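Heads up: the structure comes next, in structure tokens.
Numbering (full-length UniProt numbering), first residue to last: 1 to 382.
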């Protein structure tokens, strides 16, 4: 079955729920091994999911941001690492289609590759610069050699590295100091993946190091110039809070089902009937409801806005990520309080959810940057 054959959102969400349930059956093994969810990514490609954000004029559907985050939330209910990984590809394609930054022939080529199953991610983080959103200048270098660019450097946190077909890499041009994105096909000579990913959170994202040794790419593969820390509003980054919202939803579901089934001999019935447990369930539901409304409303606002209006949404986009991620952390904590000490068992999914939601604090934008941006907005308006 392919998403393209399902026309209603209800049908598509039902299919996504089916996929998500399969992802859930594999999540523990991938996490324990610190491996990569190859089977999940393959299923998403075969289902046509990875083509949904392609622009209509290039054979895709150009789905809305609202639809994208709903799908991403469902994937995360099954496996957060799979959701975060594929979310980068989905969002980048959507963003490129909306902003038309690249040379048309180069983007059209990429779209044709995506229709064949190709995956892409941006690779910007480096050990020396920290998060690229803070304005660090890439130490990865680019040198013009005739009609080619020669790229050298090392990137960290290259999420989905085991299956990426294209790496969109930031580099500093040695002669001019200009900073740009360079599209690098995986098959290019000098491209190497070094398996360094040893995080205890999001273990299945395969966020290894990308090493570039005299990598030569075509002139047209210099796809964008930019200033570090000065990029405009990016609605597609809402795939990040959608992921953590999905994990939190999975935690609540597990805690409720556990409480319905757990019946110690000290009480009559199950613990779901205890006021303390109902209190915790209500608190979880409030956090999820509040987070979901905030996330969905800003996504819809993005979809309904003009380009100029979208550029004004950067504070709201950051606020959504901060609010939803921190709400997800609280929900998982509450779920663990309902389940008790069993939640710390290596066999219990809550300990995986607990580790995975913490990773959200380190995805862009960071909480401190969002708070500062909100302060500046409030000050400027008064």
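Quick reminder that beta carbons are idealized off the backbone N, C-alpha and C, glycines included. Predicted, not measured: the structure shown is a model, and the values here were computed from it.
With DSSP collapsed to three states, give me the class of residue 266.
Position 266 of the chain shown, counted from the first residue, corresponds to residue 266. Residue 266: coil per DSSP, three-state reduction.
Are residue 223 and residue 190 close, meaning C-beta to C-beta below 8 Å?
For the purposes of this step, residue 223 is identified with residue 223 of the chain shown, where counting begins at 1. For the purposes of this step, residue 190 is identified with residue 190 of the chain shown, where counting begins at 1. It is not a contact, given that the beta carbons lie outside the stated cut-off.
When DSSP labels each residue in this structure, what does residue 384 get in the three-state scheme?
Residue 384 lies beyond the residue range present for the chain, which begins at 1 and ends at 382; the question has no answer from this structure.
Would you check if there are 3 or more beta carbon pairs closer than 8 Å linking the segment 240 to 248 to the segment 67 to 79?
Counting Cβ pairs under 8 Å, three or more are found: they touch.
Between residue 291 and residue 324, which are expected to be in contact by the criterion C-beta below 8 Å, what is the C-beta distance as a whole number of angstroms?
Residue numbering aside, residue 291 sits at position 291 when the chain shown is read from its first letter. Residue numbering aside, residue 324 sits at position 324 when the chain shown is read from its first letter. Going by Cβ atoms, the distance from residue 291 to residue 324 rounds to 4 Å, so yes, they are a contact pair.
Please classify residue 349 as buried or exposed, where buried requires at least 16 neighbouring CB atoms within 10 angstroms.
What you label residue 349 is simply residue 349 of the chain shown in a count that begins at 1. Label assigned to residue 349: buried.
Where DSSP assigns a beta bridge to residue 225, which residues make up the other side?
As a working note, residue 225 is residue 225 in the chain shown. Answer by DSSP bridge pairing, in chain order: 180.
Would you kindly report the start and end of the unbroken beta strand (DSSP E) that includes residue 217?
The residue you call residue 217 lines up with position 217 of the chain shown. 208 to 218 is the span of the beta strand (DSSP E), which, as asked, contains residue 217.
Helix, strand or coil for residue 135, going by three-state DSSP, please let me know.
As a first step, residue 135 is located in the chain shown; it is residue number 135 there, counting from the start. Residue 135 falls in the coil class under three-state DSSP.
Going by DSSP, what residue range makes up the alpha helix (DSSP H) through residue 242?
Along the chain shown, read from residue 1 onward, the residue named residue 242 stands at position 242. Residues 239 to 261.
With a threshold of 6 Å on Cβ separation, who are the neighbours of residue 111 within its own chain once the five nearest residues in sequence on each side are excluded?
On the chain shown, position 111 is the one that residue 111 refers to. 54, 58, listed in sequence order.
With DSSP run on the structure shown, which of helix, strand or coil describes residue 315?
Working through the chain shown from its first residue, we reach residue 315 at position 315. Three-state DSSP puts residue 315 in a helix.
Taking 7 Å as the limit between beta carbons, can you name the residues of its chain near residue 262, skipping five residues before and five after?
Here residue 262 refers to the residue found at position 262 when the chain shown is read from its first residue. Counting only Cβ-Cβ distances below 7 Å, and skipping sequence neighbours, we find 270, 271.
Mind reading off the beta-carbon distance from residue 122 to residue 168? Whole number of angstroms is fine, and I expect it under 8 Å.
Taking the first residue of the chain shown as 1, we reach residue 122 at position 122. Taking the first residue of the chain shown as 1, we reach residue 168 at position 168. Right, the Cβ-Cβ distance comes to about 5 Å (below 8 Å), so this counts as a contact.
Hey, how far is the Cα of residue 94 from the Cα of residue 236?
Translated into the one-based positions of the chain shown, residue 94 becomes position 94. Translated into the one-based positions of the chain shown, residue 236 becomes position 236. So the alpha carbons of these two residues sit roughly 7 Å apart.
Taking just the CA atoms, how far does residue 192 sit from residue 156?
Counted from its first residue, the chain shown places residue 156 at position 156. Counted from its first residue, the chain shown places residue 192 at position 192. One C-alpha to the other measures close to 12 Å.
Compare the Cα-Cα distances from residue 302 to each of 65, 188, 249 and report the closest residue.
Taking the first residue of the chain shown as 1, we reach residue 302 at position 302. Nearest option by C-alpha distance: 65.
Between 282, 147, 138, which lies nearest to residue 171 when the distance is taken from Cα to Cα?
Taking the chain shown and counting its residues from 1, the one referred to as residue 171 is at position 171. Looking at the Cα atoms, 138 is the closest of the given residues.
Taking all protein chains shown into account, do 16 or more other C-beta atoms lie within 10 angstroms of the C-beta of residue 5, making it buried, or fewer, making it exposed?
Your numbering for residue 5 matches position 5 in the chain shown. With fewer than 16 Cβ atoms within 10 Å of its Cβ, residue 5 is classed as exposed.
When burial is assigned at 16 or more other CB atoms within 10 Å of the CB, is residue 90 buried or exposed?
Translated into the one-based positions of the chain shown, residue 90 becomes position 90. Counting Cβ neighbours within 10 Å, residue 90 comes out buried, since at least 16 surround it.
Which residues mark the beginning and the end of the alpha helix (DSSP H) in which residue 169 is found?
Stepping through the chain shown from its first residue, residue 169 is reached at position 169. Not the alpha helix (DSSP H): residue 169 falls in the beta strand (DSSP E), residues 166 to 173.
Check for me: the beta strand (DSSP E) holding residue 158 runs from which residue to which?
Mapped onto the chain shown, residue 158 falls at position 158. 148 to 158 is the extent of the beta strand (DSSP E) around residue 158.
Pick out the complete alpha helix (DSSP H) segments inside the segment 62 to 96, 4 residues or longer, and give them in chain order.
For the segment 62 to 96, whole alpha helix (DSSP H) runs of length 4 or above, ordered along the chain, are 65 to 78.
Within its chain, find whatever has a CB closer than 6 Å to the CB of residue 60; leave out the 5 residues flanking it on each side and keep chain order.
If you number the chain shown from 1, residue 60 lands on position 60. So the list reads 51, 54, once near-sequence residues are dropped.
Would a C-beta distance cut-off of 8 Å place residue 200 and residue 26 closer than the cut-off?
The residue given as residue 200 occupies position 200 in the chain shown. The residue given as residue 26 occupies position 26 in the chain shown. Taking 8 Å as the Cβ cut-off, residue 200 and residue 26 do not qualify as a contacting pair.
Counting along the chain, where does the beta strand (DSSP E) carrying residue 161 start and finish?
The count along the chain shown starts at 1 and reaches residue 161 at position 161. From DSSP, residue 161 is part of no beta strand (DSSP E); its letter is neither H nor E.
Can you find a C-beta in chain B that's less than 8 Å from the C-beta of residue 310?
Protein chains in the displayed structure number just one, and chain B is not present.
Can you have a look at residue 195 and say buried or exposed, based on whether 16 or more other CB atoms are within 10 angstroms of its CB?
For this step, residue 195 is matched to residue 195 along the chain shown. Exposed is the call here.
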